[in-house]
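Visitor: This structure is in structure tokens; I'll ask about it shortly.
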Amino acid sequence: MAETFPFIESDAPVSHPGGLLAEELEVRDMSQRELARRIGRPFQVVNEIVRGRKAITAETALQLEGEFGTPAYLWLRLQADYDLDVARRKREVSQVAT
Numbered sequence: 000m001a002e003t004f005p006f007i008e009s010d011a012p013v014s015h016p017g018g019l020l021a022e023e024l025e026v027r028d029m030s031q032r033e034l035a036r037r038i039g040r041p042f043q044v045v046n047e048i049v050r051g052r053k054a055i056t057a058e059t060a061l062q063l064e065g066e067f068g069t070p071a072y073l074w075l076r077l078q079a080d081y082d083l084d085v086a087r088r089k090r091e092v093s094q095v096a097t
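Residue numbers (numbering that gives the first Met the number 0): 0 to 97.
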């Protein structure tokens, strides 16, 4: 028998994981530049993730896991949820426009 899972439907947009990264930096009193230095990434990459303009890649997720202890799969799941939400909203807009 197939198992079903309840899903919560919501019209609220999903937040970019950069927001969580910004919160993590604030809690740790760490600057974006310091994080970039510690994980060996350019400052611009970290800044664009925090601003929601760049996606968290698998490589970056592993680096964040090493620095913060937050599992890489969590960062990737947050990014995937965000990407799916953006795609759904674009699809809805294009369907309304036609």
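Every residue gets a Cβ at the ideal spot worked out from N, C-alpha and C, and that includes glycine.
Model, not experiment: these values are computed from the prediction.
(1) Is the CB-CB distance between residue 81 and residue 14 below 9 Å?
(2) Output the residue ranges of the alpha helix (DSSP H) runs that lie fully inside the stretch 53-87 and measure 4 residues or longer, sorted by chain position.
(3) Nearest to residue 70 by CA position, among 94, 55, 48, is which residue?
(4) Given residue 31, which residues of its chain have a CB within under 7 Å of its CB, disregarding the five upstream and five downstream residues?
(5) What first and last residue would you give for the alpha helix (DSSP H) that runs through residue 26?
Guide: Straight from the coordinates:
(1) Position 82 of the sequence shown, counted from the start, is the residue given in the question as residue 81. Position 15 of the sequence shown, counted from the start, is the residue given in the question as residue 14. Between residue 81 and residue 14, the C-beta spacing is below 9 Å.
(2) Within the stretch 53-87, the complete alpha helix (DSSP H) runs of at least 4 residues are 57-67.
(3) Against the sequence shown, residue 70 aligns to sequence position 71. Taking residue 70 as reference, the option from 94, 55, 48 with the minimal CA-CA separation is 55.
(4) For this step, residue 31 is matched to residue 32 along the sequence shown. The answer, listed in chain order, is 24, 42, 45, 46, 49.
(5) To locate residue 26, count along the sequence shown from 1; it is residue 27. 16-26 is the extent of the alpha helix (DSSP H) around residue 26.
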